[in-house]
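>
Protein chains in written order, with the working numbering: chain A, 201 to 316; chain B, -3 to 107.
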């Protein structure tokens, strides 16, 4: 158990709908990262937050948005869902973000999203 | 743009043999190189990492080597066991705080 929690574990919804995925980082970790993993694919970095502020953006669609709250949990919002959005969504956390180096990322168990 | 190339995409070895997975990256500002193991349906788990000021790191049967000049790093698993079968991902951490993952290597260890 990494200490990172994600809810829900599974989510089934229809095209055009909107969903919210939730992540709680390890105790004391200030950074949260979101990744998308489609079937048999690699991990695509979506976005990163540090202590409530957006720090880096990857290949995140405009239909997707995220935020990190004062208690450091994070939510990933996916709207106008398409069939191709079906994937495993992982959240990871790390202690800090430094320009010169990086801390280990610990992954949550993931949320499996199925869009029908 | 920044990318990480990982080879091979699939690797099959006999139990007890060694396995080597290689990654090449493009961003010279990368300074942290973790390796993750992902079993089917589970989360990626860090197995070893190396920072740019170190050329090699070993942890029991697993080792990672880094060549910053050539911009490549490799994962070495010795005395492979069936439980080593999984997908392995390399990654780099760029100066812009982004973590970029390789496409993954599916390792099969045959008993």
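Glycine included, each C-beta is placed from N, C-alpha and C at the ideal position.
Can you give the Cα-Cα distance for residue 70/B and residue 64/B, rounded to whole angstroms?
When rounded, the distance between both Cα atoms is 12 Å.
> If I'm right that residue 12/B touches residue 76/B with Cβ under 8 Å, what's the distance once you round it to whole angstroms?
About 7 Å; that satisfies the 8 Å criterion.
> Tell me whether the beta-carbon of residue 204/A lies closer than 8 Å to the beta-carbon of residue 266/A.
For residue 204/A and residue 266/A, no; Cβs fall outside 8 Å.
> Select from -2/B, 9/B, 2/B, 46/B the residue whose C-alpha is nearest the C-alpha of residue 104/B.
Comparing Cα-Cα distances from residue 104/B to each of -2/B, 9/B, 2/B, 46/B, the minimum goes to 9/B.
> Residue 205/A versus chain B: which residues are under 8 Å apart at the beta carbon?
Within chain B, no residue comes near residue 205/A; the closest Cβ sits about 11 Å away, beyond 8 Å.
> Just tell me which of 42/B, 29/B, 94/B, 14/B has its CA closest to the CA of residue 51/B.
It is 29/B whose Cα lies nearest to the Cα of residue 51/B.
> Let me check understanding here. Comparing Cα to Cα, which of 68/B, 49/B, 44/B, 48/B lies closest to residue 57/B?
Out of 68/B, 49/B, 44/B, 48/B, 44/B has the C-alpha closest to the C-alpha of residue 57/B.
> By how many angstroms is the C-alpha of residue 37/B removed from the C-alpha of residue 250/A?
Spanning the two alpha carbons is a distance of roughly 28 Å.
> Taking C-beta pairs closer than 8 Å, name the residues in chain B that residue 233/A reaches, listed in chain order.
What residue 233/A touches in chain B: 95.
> Quick check on DSSP: helix, strand or coil for residue 271/A?
In this structure, residue 271/A counts as coil in the three-state DSSP scheme.
> Comparing the C-beta of residue 304/A with each C-beta of chain B, is any distance below 8 Å?
It does: the Cβ of residue 304/A has a partner Cβ on chain B nearer than 8 Å.
> Tell me the DSSP secondary structure of residue 285/A in three-state form.
In this structure, residue 285/A counts as helix in the three-state DSSP scheme.
> From what residue to what residue does the beta strand (DSSP E) around residue 20/B run?
Residues 15 to 21.
> List, in chain order, every chain B residue whose beta-carbon is nearer than 7 Å to that of residue 276/A.
Those do not exist, as residue 276/A stays about 16 Å from chain B at its closest Cβ, beyond 7 Å.
> Starting from residue 333/A, find everything on chain B with Cβ-Cβ shorter than 8 Å and list it in chain order.
Past the boundaries of the shown model lies residue 333/A; chain A is included only from 201 to 316, so the question cannot be answered.
> If we count the other Cβ atoms within 10 Å of its Cβ and call it buried at 16 or more, is residue 216/A buried or exposed?
With fewer than 16 Cβ atoms within 10 Å of its Cβ, residue 216/A is classed as exposed.
> Select from 16/B, 23/B, 107/B, 25/B the residue whose C-alpha is nearest the C-alpha of residue 31/B.
With distances taken between Cα atoms, residue 31/B lies closest to 16/B.
> Could you confirm whether any beta carbon from chain B is found closer than 8 Å to the beta carbon of residue 313/A?
Taking Cβ atoms only, chain B never reaches closer than 8 Å to residue 313/A, which makes this a no.
> Measure the CB-CB distance between residue 276/A and residue 221/A and report whether it falls below 8 Å.
Yes, the pair counts as a contact, with Cβ atoms nearer than the cut-off.
> Thinking just about the alpha-carbon of each residue, which of 88/B, 106/B, 107/B is nearest to the one in residue -1/B?
The shortest C-alpha separation from residue -1/B is found at 88/B.
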